[in-house]
Amino acid sequence: MIINFKYTETFLSIIKDQGLDKKLVNTILDRFERHLNSFPECCGVHVYLQEIGVTKYRGYISPENYTLLYSYENKGNVVTVHAILHQRQDIQKLLFNRIIER
């Protein structure tokens, strides 16, 4: 099965805004893509989002302690990465800031 990975403008914006190191991001993304290639639904629904009733987004936790929030569309085998955040970051704050910026 071939998985197509898409990265949203929000994801790219977060990388830029947080000043994440390009090499670190590439390492995280390489591991993420390899991990999901055989079974894209292997990661669970993000706990906080599930608590507020949002079950579309899954969370991949990297060894570097970053979480990638992504969704999977079975039709077309598309994984869309929506956000990256360090495990110490507040997801509520991230979501609030994204809503305000729109």
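If you count by numbering that gives the first Met the number 0, then the sequence shown holds residues 0 to 101, one letter each, in order. Don't be surprised by glycine CBs; every beta carbon is placed ideally from N, CA and C. Please read all numbers here as calculations on a predicted model, not as lab measurements.
| request: If I'm right that PHE10 touches HIS85 with Cβ under 8 Å, what's the distance once you round it to whole angstroms? | output: Translated into positions along the sequence shown, residue 10 becomes position 11. Translated into positions along the sequence shown, residue 85 becomes position 86. Taking the Cβ atoms as the reference, PHE10 lies roughly 14 Å from HIS85, outside the contact range of under 8 Å.
- Item | Ordered list of alpha helix (DSSP H) runs contained in the segment 20-67, each at least 4 residues | For the segment 20-67, whole alpha helix (DSSP H) runs of length 4 or above, ordered along the chain, are 21-36 and 46-50.
Within a Cβ cutoff of 7 Å, which residues of the same chain sit near GLU32, ignoring the five residues on either side of it in sequence? Here the question's residue 32 lines up with position 33 in the sequence shown. The residues are PHE4.
>> Considering only their Cβ atoms, is the gap separating ILE2 from ASN67 smaller than 9 Å?
In response: The residue given as residue 67 occupies position 68 in the sequence shown. The residue given as residue 2 occupies position 3 in the sequence shown. It is Leu, not Asn, that sits at residue 67 in the sequence shown. Their beta carbons are not under 9 Å apart, which means LEU67 does not touch ILE2 by this criterion.
- request: For the alpha helix (DSSP H) containing ILE13, list its first residue and its last residue.
  value: Locating residue 13 in the sequence shown gives position 14, where the first residue counts as 1. For ILE13, the enclosing alpha helix (DSSP H) stretches over residues 8-17.
**Request:** Please state whether DSSP places ASN3 in a helix, a strand or coil.
**Result:** Taking the sequence shown and counting its residues from 1, the one referred to as residue 3 is at position 4. DSSP places ASN3 in strand when its eight states are reduced to three.
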